[in-house]
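Residue 380, in this note's numbering, is where the sequence shown stops; the numbers in between run on with no holes. Taking it in order: structure first as structure tokens, then the write-up.
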Amino acid sequence: MAAAGPVVASIVGARPQFIKAAVVSRALAAAGIREFLVHTGQHYDYGMSDLFFRELEIPEPRLNLAVGSGSHGRQTAAMLEALEEVFVEMHPALALVYGDTNSTLAAALAAVKLHIEVAHVEAGLRSFNMRMPEEINRILSDKISSLLLCPCQTAVDNLAREGVTDGVHLSGDVMYDAALFYAGRAPGIDQTCAAEPGEGNFYLATVHRAENTDDASRLGGIIQGLEGLPYPVLLPLHPRTGKRLEELGIHPSGALRLVEPVGYLEMVALQRAARVILTDSGGMQKEALFHSTPCVTLRDETEWVETVEAGWNILTGADPEKIASAVGRFESAPPVTVCRPYGDGHAGRRIASLVKAHLDDRSGRG
Ligand code: UD1
Ligand code: UDP
């Protein structure tokens, strides 16, 4: 029988949240904290969800709300309604939410309205672009969280500028923990979709942000930029982007090779073996730095400013000429600085201690 004591509800729904939860769930278990994991069902394809649970050995979610895809309002509302029921039934002591997706906001909002405290992993990030759905999700989730677990000093400073200092902790980034923990389990490059062209002979790309996929001219610019690069470009295709390319009748050619989304371990192997990573993903920008692979970010701004300041990341937006020139810069002068702004690889452990201290303090207060 499980030990008695407060229960933490962890809510996940999208690919990067599974990776973050893999680290935190392990740390919570090691600290003797009881957790129940809820999957909202925001991501549901095998290669976007189950594959991660299997290969990262994440505990089976207690519940899958199977909310699926939809417009922002519809998807967030369905999650809110379902999560409210879950929280009323389970009455957890704390809701643990991750990152900046619709699952994050719905969970934080459902919890706080029931007077369940919220802990936000990856608090304090800002792009300062309110047209991004993620920026809205982050700002609102931070606003209603009691424990704000920041991956880097920039995030702490962003919150301080907004007048938020209570409950703010510099925990480090659980994505760095994941990169270190799983590094030894990544397959050899010959076991991946890059077996041909082989180690060091390709660029790796991912594209999925709404600002790029929902704007035909931006998506066209990115595809054109990738097609024109001097080595093959492997692009594990997010289903959102696949659907848009189909709608727009875009059939990539030139250097660009579309492949199915890959699991995290295969992704680590690809990230290490690529000449340059080109991406609009938040997680991939940092992983490029963790694995010392230069990164070209296909956005106009980034939350992860340290990667740019250290010389490992260049922002190009969706302009094909800027993409070509950034890759050319890295090809002729690869970055050399060593930069570790995202903690020491023990963010998960620190988060578990902070959660435990918070719960103890709360029960002490009665
Ligand atoms: C979501 C997050 C984004 C995060 C990303 C991680 C929001 C607003 N956005 O974006 O912050 O970076 O996850 O990958 O929460 N689809 C499938 N199968 C799936 C999942 C999605 O086909 O398993 C397709 C559907 O057509 C869906 C579209 O992808 O409408 C977008 O999915 P959604 O979860 O709404 O947003 P993402 O772009 O994945
Ligand atoms: N990722 C993966 N397979 C893929 C694409 C991404 O395992 O085909 C991993 C990537 O290494 C990173 C995380 O998913 O750890 C990032 O997720 P995504 O880019 O979907 O979301 P974001 O970080 O932008 O929110």
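By construction, the Cβ of each residue, glycine as well, lies at the ideal position given by its N, Cα and C atoms.
(message) Can you tell me whether Thr305 is buried or exposed? The criterion is at least 16 other CB atoms within 10 Å of its CB, across all chains shown.
(response) Your numbering for residue 305 matches position 291 in the sequence shown. The sequence shown places His at residue 305, rather than the Thr named in the question. The residue is buried, with at least 16 neighbouring Cβ atoms inside 10 Å.
(message) For Ala371 and Val132, what's the separation of their Cα atoms in angstroms?
(response) Start at 1 with the first residue of the sequence shown, and residue 371 comes out as number 357. Start at 1 with the first residue of the sequence shown, and residue 132 comes out as number 118. Ala371 and Val132: Cα-Cα distance of roughly 14 Å.
(message) Under DSSP, the beta strand (DSSP E) around Ser386 begins and ends at which residues?
(response) This structure does not reach residue 386, given that the chain is present from 15 up to 380, and the question cannot be answered.
(request) Kindly indicate which three-state DSSP category Pro348 falls into: helix, strand or coil? (result) Residue numbering aside, residue 348 sits at position 334 when the sequence shown is read from its first letter. Of the three classes helix, strand and coil, the one that applies to Pro348 here is coil, per DSSP.
(message) Just checking Glu261 against the ligand UD1 - is the residue's beta carbon closer than 6 Å to any of the ligand's heavy atoms?
(response) Your numbering for residue 261 matches position 247 in the sequence shown. Not under cutoff, so the answer is no.
(message) Using 7 Å as the threshold, is the C-beta distance between Ala80 and Glu98 below it?
(response) By one-based count along the sequence shown, residue 80 stands at place 66. By one-based count along the sequence shown, residue 98 stands at place 84. Against a cut-off of 7 Å, the Cβ pair of Glu98 and Ala80 comes out as no contact.
(message) Checking the sheet assignment: what are the DSSP bridge partners for Cys309?
(response) Here residue 309 refers to the residue found at position 295 when the sequence shown is read from its first residue. BP columns for Cys309 point to Ile291, Asn327.
(request) Measure how close the beta-carbons of Leu248 and Leu284 come, nearest whole angstrom, since I'm counting them as under 8 Å. (result) Looking up residue 248 in the sequence shown gives position 234. Looking up residue 284 in the sequence shown gives position 270. Yes, they are in contact, since the Cβ atoms of Leu248 and Leu284 sit about 7 Å apart, within 8 Å.
(request) Can you tell me which of the three DSSP states Ala13 falls into? (result) For residue 13 there is no data in the structure shown, the boundaries of the chain being 15 and 380.
(message) Less than 6 Å separating the Cβ of Thr307 from some heavy atom of the ligand UD1?
(response) As a first step, residue 307 is located in the sequence shown; it is residue number 293 there, counting from the start. Every heavy atom of the ligand UD1 is 6 Å or more from the Cβ of Thr307, so no.
(message) Applying the 10 Å Cβ sphere with the 16-neighbour rule, what's the burial state of His134?
(response) Working through the sequence shown from its first residue, we reach residue 134 at position 120. Buried, since its Cβ has 16 or more Cβ neighbours within 10 Å.
(request) Please look up how many angstroms separate the CB atoms of Cys166 and Pro355, rounded, as I've assumed it's under 8 Å. (result) Working through the sequence shown from its first residue, we reach residue 166 at position 152. Working through the sequence shown from its first residue, we reach residue 355 at position 341. Confirmed, Cβ separation roughly 5 Å.
(request) Provide the residue span of the beta strand (DSSP E) that contains His86, from first to last. (result) If you number the sequence shown from 1, residue 86 lands on position 72. Not the beta strand (DSSP E): His86 falls in the alpha helix (DSSP H), residues 86 to 104.
(request) Would you decide whether Ala200 is buried or exposed? Buried here means 16 or more other CB atoms lie within 10 Å of its CB. (result) Indexing the sequence shown from 1 puts residue 200 at position 186. Buried: at least 16 other Cβ atoms inside 10 Å.
(request) Using the Cα positions of Leu262 and Leu51, report the straight-line distance between them to the nearest angstrom. (result) Here residue 262 refers to the residue found at position 248 when the sequence shown is read from its first residue. Here residue 51 refers to the residue found at position 37 when the sequence shown is read from its first residue. Answer to the nearest angstrom: the Cα atoms are 38 Å apart.
(message) Going by the DSSP bridge assignment, what does Asn172 pair with across the sheet?
(response) Counting from 1 along the sequence shown, the entry for residue 172 is found at position 158. According to DSSP, which records beta bridges pairwise, Asn172 is partnered with nothing at all.
(request) With DSSP collapsed to three states, give me the class of Thr220. (result) In the sequence shown, residue 220 corresponds to position 206, counting from 1. In the structure shown, Thr220 sits in a strand (DSSP, three-state: E or B).
(request) Identify the continuous alpha helix (DSSP H) that holds Val65 and give its terminal residues. (result) Against the sequence shown, residue 65 aligns to sequence position 51. It should be pointed out that residue 65 corresponds to Leu in this sequence rather than to Val. It spans 64 to 69 - the alpha helix (DSSP H) in which Leu65 sits, taken as one unbroken run.
(message) Can you check which of these residues, Gly256, Glu301, His57, is closest to Tyr190 by C-alpha distance?
(response) Your numbering for residue 190 matches position 176 in the sequence shown. Here the closest residue by C-alpha is Glu301.
(message) Check whether the segment 136 to 144 and the segment 43 to 60 are in contact - that is, three or more C-beta pairs closer than 8 Å.
(response) no
(request) Pick helix, strand or coil for Arg145, following the three-state DSSP scheme. (result) Within the sequence shown, numbered from 1, the residue matching residue 145 stands at position 131. Looking at Arg145 - three-state DSSP - the assignment turns out to be coil, as it is neither helix nor strand.
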